[in-house]
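Each remark here refers to the structure printed beneath this line.
Numbering (the numbering used here), first residue to last: 10 to 181.
Rendered as C-alpha coordinates:
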(Lines of atoms letter the chains of each structure in order from A and count residues from 1; the text may use other names and numbers.)
(Lines give C-alpha, C1' and ligand atoms only; values in the text may rest on other atoms or scores of the structure.)
Protein backbone atom coordinates (compact mmCIF):
# COMPACT_ATOMS: atom_id res chain seq x y z
CA UNK A 1 0.00 0.00 0.00
CA UNK A 2 1.01 3.65 -0.43
CA UNK A 3 1.05 4.21 3.34
CA UNK A 4 3.60 1.43 3.80
CA UNK A 5 6.16 3.62 2.04
CA UNK A 6 6.10 5.98 5.04
CA UNK A 7 6.96 3.30 7.62
CA UNK A 8 10.50 2.15 8.50
CA UNK A 9 11.85 -0.74 6.48
CA UNK A 10 13.59 -3.62 8.24
CA UNK A 11 15.95 -5.84 6.27
CA UNK A 12 17.95 -8.90 7.30
CA UNK A 13 20.68 -10.67 5.44
CA UNK A 14 22.18 -14.08 6.14
CA UNK A 15 25.32 -15.32 4.39
CA UNK A 16 26.97 -18.62 4.99
CA UNK A 17 29.97 -19.96 3.18
CA UNK A 18 32.67 -22.61 3.33
CA UNK A 19 36.20 -21.45 3.92
CA UNK A 20 39.61 -23.00 4.05
CA UNK A 21 41.89 -22.81 7.04
CA UNK A 22 41.22 -23.48 10.67
CA UNK A 23 37.52 -22.35 10.36
CA UNK A 24 35.49 -24.52 8.08
CA UNK A 25 32.36 -22.32 7.77
CA UNK A 26 31.82 -18.59 7.82
CA UNK A 27 28.43 -17.13 8.74
CA UNK A 28 27.43 -13.50 8.42
CA UNK A 29 24.16 -12.21 9.78
CA UNK A 30 23.24 -8.54 9.15
CA UNK A 31 20.15 -6.53 10.12
CA UNK A 32 19.31 -2.98 9.05
CA UNK A 33 16.50 -0.46 9.62
CA UNK A 34 15.83 2.35 7.13
CA UNK A 35 13.60 5.29 8.09
CA UNK A 36 12.40 7.19 4.95
CA UNK A 37 12.10 10.61 6.61
CA UNK A 38 12.88 12.82 3.61
CA UNK A 39 11.42 10.36 1.13
CA UNK A 40 8.11 10.34 3.02
CA UNK A 41 7.90 14.15 2.88
CA UNK A 42 8.61 14.05 -0.82
CA UNK A 43 5.86 11.50 -1.39
CA UNK A 44 3.38 13.59 0.59
CA UNK A 45 4.29 16.66 -1.44
CA UNK A 46 3.91 14.74 -4.72
CA UNK A 47 0.57 13.39 -3.51
CA UNK A 48 -0.62 16.93 -2.69
CA UNK A 49 0.55 18.17 -6.11
CA UNK A 50 -1.34 15.38 -7.87
CA UNK A 51 -4.42 16.07 -5.74
CA UNK A 52 -4.24 19.74 -6.74
CA UNK A 53 -3.87 18.78 -10.41
CA UNK A 54 -6.96 16.56 -10.16
CA UNK A 55 -8.92 19.42 -8.55
CA UNK A 56 -7.75 21.78 -11.31
CA UNK A 57 -8.92 19.36 -14.02
CA UNK A 58 -12.25 18.88 -12.23
CA UNK A 59 -12.70 22.67 -12.20
CA UNK A 60 -11.89 22.82 -15.92
CA UNK A 61 -14.46 20.09 -16.58
CA UNK A 62 -17.01 21.95 -14.48
CA UNK A 63 -16.29 25.15 -16.44
CA UNK A 64 -16.78 23.35 -19.75
CA UNK A 65 -20.07 21.90 -18.49
CA UNK A 66 -21.26 25.36 -17.45
CA UNK A 67 -20.24 26.87 -20.79
CA UNK A 68 -22.05 24.08 -22.64
CA UNK A 69 -25.15 24.53 -20.50
CA UNK A 70 -25.09 28.28 -21.17
CA UNK A 71 -24.68 27.69 -24.90
CA UNK A 72 -27.63 25.28 -25.00
CA UNK A 73 -29.78 27.67 -22.96
CA UNK A 74 -28.91 30.59 -25.23
CA UNK A 75 -29.66 28.47 -28.31
CA UNK A 76 -32.94 27.40 -26.73
CA UNK A 77 -33.86 31.05 -26.03
CA UNK A 78 -32.96 31.98 -29.61
CA UNK A 79 -35.17 29.15 -30.92
CA UNK A 80 -38.02 30.38 -28.72
CA UNK A 81 -37.53 33.87 -30.13
CA UNK A 82 -37.61 32.58 -33.71
CA UNK A 83 -40.72 30.55 -32.92
CA UNK A 84 -42.47 33.70 -31.69
CA UNK A 85 -41.20 35.77 -34.64
CA UNK A 86 -42.53 33.08 -37.00
CA UNK A 87 -45.93 33.22 -35.31
CA UNK A 88 -45.99 37.03 -35.56
CA UNK A 89 -44.88 36.90 -39.20
CA UNK A 90 -47.69 34.41 -39.97
CA UNK A 91 -50.26 36.74 -38.43
CA UNK A 92 -48.79 39.71 -40.31
CA UNK A 93 -48.88 37.90 -43.67
CA UNK A 94 -52.46 36.80 -43.02
CA UNK A 95 -53.52 40.33 -42.09
CA UNK A 96 -51.68 41.96 -44.99
CA UNK A 97 -53.10 39.41 -47.44
CA UNK A 98 -56.63 40.35 -46.37
CA UNK A 99 -55.67 44.02 -46.58
CA UNK A 100 -54.22 43.49 -50.05
CA UNK A 101 -57.45 41.89 -51.28
CA UNK A 102 -59.45 44.75 -49.78
CA UNK A 103 -57.12 47.37 -51.33
CA UNK A 104 -57.33 45.66 -54.72
CA UNK A 105 -61.13 45.93 -54.59
CA UNK A 106 -60.81 49.63 -53.69
CA UNK A 107 -58.39 50.17 -56.57
CA UNK A 108 -60.75 48.49 -59.03
CA UNK A 109 -63.48 50.88 -57.91
CA UNK A 110 -60.95 53.73 -58.27
CA UNK A 111 -61.07 54.78 -54.62
CA UNK A 112 -57.27 54.49 -54.21
CA UNK A 113 -54.29 54.95 -56.48
CA UNK A 114 -52.17 52.17 -57.96
CA UNK A 115 -49.28 53.38 -55.79
CA UNK A 116 -51.29 52.73 -52.61
CA UNK A 117 -52.21 49.25 -53.85
CA UNK A 118 -48.59 48.59 -54.75
CA UNK A 119 -47.43 49.67 -51.27
CA UNK A 120 -49.72 47.11 -49.60
CA UNK A 121 -48.70 44.35 -52.02
CA UNK A 122 -45.01 45.16 -51.42
CA UNK A 123 -45.53 44.99 -47.65
CA UNK A 124 -47.29 41.66 -48.07
CA UNK A 125 -44.37 40.25 -50.08
CA UNK A 126 -41.82 41.52 -47.55
CA UNK A 127 -43.80 39.98 -44.70
CA UNK A 128 -44.00 36.67 -46.61
CA UNK A 129 -40.22 36.73 -47.11
CA UNK A 130 -39.66 37.44 -43.40
CA UNK A 131 -41.96 34.55 -42.56
CA UNK A 132 -39.86 32.20 -44.69
CA UNK A 133 -36.61 33.48 -43.12
CA UNK A 134 -37.89 33.10 -39.54
CA UNK A 135 -39.30 29.64 -40.26
CA UNK A 136 -36.03 28.46 -41.84
CA UNK A 137 -34.00 29.86 -38.94
CA UNK A 138 -36.36 28.22 -36.43
CA UNK A 139 -36.12 24.85 -38.21
CA UNK A 140 -32.31 25.12 -38.28
CA UNK A 141 -32.12 25.95 -34.57
CA UNK A 142 -34.45 23.07 -33.68
CA UNK A 143 -32.32 20.60 -35.64
CA UNK A 144 -29.15 21.97 -34.05
CA UNK A 145 -30.69 21.70 -30.58
CA UNK A 146 -31.84 18.14 -31.29
CA UNK A 147 -28.27 17.22 -32.27
CA UNK A 148 -26.82 18.85 -29.15
CA UNK A 149 -29.36 17.21 -26.84
CA UNK A 150 -29.19 13.80 -28.53
CA UNK A 151 -32.83 13.78 -29.61
CA UNK A 152 -33.38 11.24 -32.39
CA UNK A 153 -34.39 12.22 -35.92
CA UNK A 154 -37.90 10.82 -35.62
CA UNK A 155 -38.46 12.42 -32.21
CA UNK A 156 -39.81 15.94 -31.92
CA UNK A 157 -38.56 18.71 -29.71
CA UNK A 158 -41.27 20.93 -28.28
CA UNK A 159 -40.14 24.25 -26.90
CA UNK A 160 -41.73 25.65 -23.77
CA UNK A 161 -41.34 29.20 -22.51
CA UNK A 162 -38.48 29.89 -20.17
CA UNK A 163 -39.77 30.24 -16.64
CA UNK A 164 -37.27 32.83 -15.53
CA UNK A 165 -34.68 34.75 -17.46
CA UNK A 166 -31.72 35.58 -15.22
CA UNK A 167 -30.69 39.18 -14.73
CA UNK A 168 -27.43 39.66 -16.61
CA UNK A 169 -26.59 43.01 -15.00
CA UNK A 170 -24.07 42.86 -12.15
CA UNK A 171 -25.62 43.09 -8.72
CA UNK A 172 -24.95 46.50 -7.23
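For each residue, glycine too, the CB sits at the ideal point set by N, CA and C.
{"Query": "So residue 89 and residue 163 are in contact, right, with Cβ under 8 Å, and what is the actual spacing, rounded?", "Result": "The Cβ separation is near 23 Å, so there is no contact."}
{"Query": "Does the segment 65-75 come close enough to the segment 141-157 that 3 or more CB-CB pairs lie under 8 Å?", "Result": "no"}
{"Query": "Secondary structure at residue 44, three-state DSSP: helix, strand or coil?", "Result": "coil"}
{"Query": "Going by Cα to Cα distance, which pick from 81, 124, 25 and 65 is closest to residue 150?", "Result": "81"}
{"Query": "Would you mind giving the Cβ-Cβ distance between residue 140 and residue 102, rounded to the nearest angstrom? I have them listed as a contact below 8 Å.", "Result": "5 Å"}
{"Query": "Grab me the residues of residue 36's own chain with a C-beta within less than 6 Å of its C-beta, minus the 5 sequence neighbours each way, in chain order.", "Result": "25"}
{"Query": "Using C-beta distances below 7 Å, list every residue in its chain close to residue 99, excluding the 5 sequence neighbours before and after it, in chain order.", "Result": "140"}
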